[in-house]
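Trainee: There's a structure below that I have some questions on.
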Amino acid sequence: MHLKNVSSFVLFTLLATLLFSGCGENEKTPSGNDLPARPDFTSSLPLDSLNLPPGFYAHTFAEGVEGARSMAMGDKGTLFVGTRNANKVYALVDEDGDFRADRTIVLDTTLEVPNGVAFRNGSLYVAEVDRLLRYDNIEENLDNPPDPVVVYDDYPDKFHHGWKYIAFGPDDKLYVPVGAPCNICDSTSVDERFATITRMDPDGSNREIVAQGVRNTVGFTWHPETGNLWFTDNGRDMMGDDIPPCELNRVTETGQHFGYPFCHGGTIPDPEYGDQRPCEDFVPPVQNLGAHVAPLGVKFISGPMFPEKYRGNLLIAEHGSWNRSEKSGYRITLVKLEDGQSVSYEPFIDGWLNSENQTRWGRPVDMMFLQDGSLLISDDFGNAIYRIGYDGQEVAAAH
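Be aware that the sequence shown starts at 1, since it is given in this note's numbering, and climbs by one per residue.
Pasting the structure below:
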């Protein structure tokens, strides 16, 4: 059951690992008297519209970050943020450690759809539509960034689904998706990299295809124990309001095919291409998501802050529909897992969309867990980065 959250928040102390223990039957639930008072950060956004589970709260880590999309954390605590339409890459600096950015630095305005950002060994990697760039020693040069090194510049230059989410995997490879250049088409005859997830060494060498039949993934992560790649995929349009579903998928073997353009959701043949290959040929989703919810960021819940009952499950940022007669998505959802299989799919945070009048004030994109266990969420419509924390209080004090 969700409770209304207000825009105030708490600055967690070094006692967090003791206070934020889980809420199971045999676990101590923190009481309000055991916790520090929530400091008061104001926001220009209607954060009191957000519905969160009991004991959770939200505040803005940063506002005015136009088009905030993918996020990556530097070794020295700089939060790097890519954009899709603003053509900017940001560096957000929290100088006093209060979980609110004190400086917002625009690193570059000359790039072409710099959606993807990743960080490795002091260098910031940025993905454009057809290029991968690297900014070396970036945290020492935030006010005077170096010219980027071109890591690779031969990805397809199609803008349709051309924006890229990138991340380094546990194998130290850089993972880069290549979306299908259309709503529905068999694009692999043009370039085998379309509708795939690829990977390469950090210097751009040894490129290979990891997963096929992936229409448009804009978020992936790795299971903390198995190391398997999990990713969201956006379903095709123009089949109606309620089909096909978007998907949560898992790669267990290199080269697996996940169905696009022949099959959707594991069981729905495509009306144009479904007669060419049966759905049984492909890896089915771990979980079918809502149609047109536009799932982007995905993260396994980890760290010391969230209650134990949440850990090991998945959060998905649903960016929200653009052409459905009644909007869907615009929320963070929780996929509960048992033995690697989904057992439920439910809202975790919602309220960016007013379902009654169909107005929206935010669209979640990417997520990142901080070292203290709190969660950052980027929003390219509200132009903000939110921080979600847990302190065990059932009802927040009035703002």
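The beta-carbon is built from N, C-alpha and C at its ideal position, and this holds for glycine as well.
Write down the C-beta distance between residue 365 and residue 297 rounded to the nearest angstrom, noting that I regard them as a contact closer than 8 Å.
Mentor: Taking the sequence shown and counting its residues from 1, one reaches residue 365 at position 365. Taking the sequence shown and counting its residues from 1, one reaches residue 297 at position 297. About 6 Å separates the two Cβ atoms, so the contact holds.
Trainee: Is it the case that the Cβ atoms of residue 92 and residue 103 are separated by a distance below 9 Å?
Mentor: In the sequence shown, residue 92 corresponds to position 92, counting from 1. In the sequence shown, residue 103 corresponds to position 103, counting from 1. Cβ distance < 9 Å, so residue 92 and residue 103 count as in contact.
Trainee: Going by C-alpha to C-alpha distance, which of 361, 286, 388 sits closest to residue 338?
Mentor: Here residue 338 refers to the residue found at position 338 of the sequence shown. Nearest of 361, 286, 388 to residue 338, Cα basis: 286.
Trainee: So, are the CB atoms of residue 389 and residue 56 less than 9 Å apart?
Mentor: The residue you call residue 389 lines up with position 389 of the sequence shown. The residue you call residue 56 lines up with position 56 of the sequence shown. Cβ atoms of residue 389 and residue 56: closer than 9 Å.
Trainee: Assign residue 390 to one of three DSSP states: helix, strand, or coil.
Mentor: Sequence index remark: in the sequence shown, residue 390 carries index 390 (1-based). Strand.
Trainee: Would you verify that the beta carbon of residue 290 is, or is not, closer than 9 Å to some beta carbon of chain B?
Mentor: This model lacks chain B altogether, as it is built from one protein chain only.
Trainee: Going by C-alpha to C-alpha distance, which of 64, 288, 225 sits closest to residue 258?
Mentor: Residue numbering aside, residue 258 sits at position 258 when the sequence shown is read from its first letter. Across the set 64, 288, 225, the C-alpha of 288 shows the shortest separation from the C-alpha of residue 258.
Trainee: Reducing DSSP to helix, strand and coil, say where residue 263 ends up.
Mentor: Your numbering for residue 263 matches position 263 in the sequence shown. Here residue 263 sits in strand by DSSP.
Trainee: Could you compute how far the alpha carbon of residue 29 sits from the alpha carbon of residue 374?
Mentor: Taking the sequence shown and counting its residues from 1, the one referred to as residue 29 is at position 29. Taking the sequence shown and counting its residues from 1, the one referred to as residue 374 is at position 374. In this predicted model, residue 29 has a pLDDT of only 38, less than 50, meaning its place in the structure is not dependable enough to derive any value.
Trainee: Looking at residue 260 and residue 210, is the spacing between their C-beta atoms short of 9 Å?
Mentor: Taking the first residue of the sequence shown as position 1, residue 210 is located at position 210. Taking the first residue of the sequence shown as position 1, residue 260 is located at position 260. Not closer than 9 Å, so no.
Trainee: Just to confirm the assignment, what range does the beta strand (DSSP E) spanning residue 224 have?
Mentor: Taking the sequence shown and counting its residues from 1, one reaches residue 224 at position 224. Run containing residue 224: none; DSSP gives neither H nor E here.
Trainee: Do residue 72 and residue 124 have their C-beta atoms within less than 9 Å of each other?
Mentor: For this step, residue 72 is matched to residue 72 along the sequence shown. For this step, residue 124 is matched to residue 124 along the sequence shown. Yes, they are a contact pair.
Trainee: If you reduce the DSSP assignment to three classes, tell me which class residue 315 lands in.
Mentor: Counting from 1 along the sequence shown, the entry for residue 315 is found at position 315. Three-state DSSP puts residue 315 in a strand.
Trainee: For residue 148, count neighbouring Cβ atoms within 10 angstroms of its own Cβ and tell me buried if that reaches 16, exposed if not.
Mentor: Stepping through the sequence shown from its first residue, residue 148 is reached at position 148. Residue 148 is buried by the Cβ-count criterion.
Trainee: By alpha-carbon positions, which one of 242, 342, 266 ends up nearest to residue 329?
Mentor: Position 329 of the sequence shown, counted from the start, is the residue given in the question as residue 329. Minimum Cα distance to residue 329 is reached at 242.
Trainee: Residues bridged to residue 132 by DSSP?
Mentor: Residue numbering aside, residue 132 sits at position 132 when the sequence shown is read from its first letter. Answer is 127, 152.
Trainee: Between residue 383 and the rest of its own chain, which residues show a CB-CB distance below 8 Å, the 5 nearest in sequence each way excluded?
Mentor: Taking the first residue of the sequence shown as 1, we reach residue 383 at position 383. 63, 64, 65, 66, 67, 68, listed in sequence order.
Trainee: Whole angstroms are fine: how far does the CA of residue 96 sit from the CA of residue 219?
Mentor: Looking up residue 219 in the sequence shown gives position 219. Looking up residue 96 in the sequence shown gives position 96. Distance between the alpha carbons of residue 219 and residue 96 is about 30 Å.
Trainee: Pick out whichever of 161, 118, 378 has its Cα sitting closest to the Cα of residue 129.
Mentor: For the purposes of this step, residue 129 is taken as the residue at position 129 of the sequence shown. Checked all of 161, 118, 378; the closest Cα to residue 129 is 161.
Trainee: Does DSSP classify residue 310 as helix, strand or coil?
Mentor: Residue 310 sits at position 310 when you count from the first residue of the sequence shown. If DSSP states are grouped into helix, strand and coil, residue 310 belongs with the helices.
Trainee: I need the boundaries of the beta strand (DSSP E) containing residue 347, first residue and last residue.
Mentor: As a first step, residue 347 must be located in the sequence shown, where it is residue number 347. Unbroken beta strand (DSSP E) run through residue 347: 341-349.
Trainee: Using the Cα positions of residue 359 and residue 183, report the straight-line distance between them to the nearest angstrom.
Mentor: Taking the first residue of the sequence shown as 1, we reach residue 359 at position 359. Taking the first residue of the sequence shown as 1, we reach residue 183 at position 183. Roughly 26 Å separates the two Cα atoms.
Trainee: Using 9 Å as the threshold, is the C-beta distance between residue 350 and residue 50 below it?
Mentor: Sequence index remark: in the sequence shown, residue 350 carries index 350 (1-based). Sequence index remark: in the sequence shown, residue 50 carries index 50 (1-based). Yes; because the gap between Cβ atoms is below 9 Å, this pair is in contact.
Trainee: From residue 135 to residue 155, what distance separates their C-alpha atoms?
Mentor: The sequence position of residue 135 within the sequence shown is 135, counting from 1. The sequence position of residue 155 within the sequence shown is 155, counting from 1. Roughly 19 Å separates the two Cα atoms.
Trainee: Can you give me the Cβ contacts of residue 290 inside the same chain, cut-off strictly under 6 Å, excluding the 5 residues immediately before and after it?
Mentor: Working through the sequence shown from its first residue, we reach residue 290 at position 290. Same-chain partners within the cutoff: 328.
Trainee: Go through its chain and collect everything with a Cβ distance to residue 180's Cβ below 6 Å, but skip five positions before and after it.
Mentor: To locate residue 180, count along the sequence shown from 1; it is residue 180. Here the set comprises 161, 187, 194, 195, 215.
Trainee: Would you mind reading off the limits of the beta strand (DSSP E) that contains residue 164?
Mentor: Translated into positions along the sequence shown, residue 164 becomes position 164. Counting along the chain, residue 164 falls outside any beta strand (DSSP E), and DSSP gives it neither H nor E.
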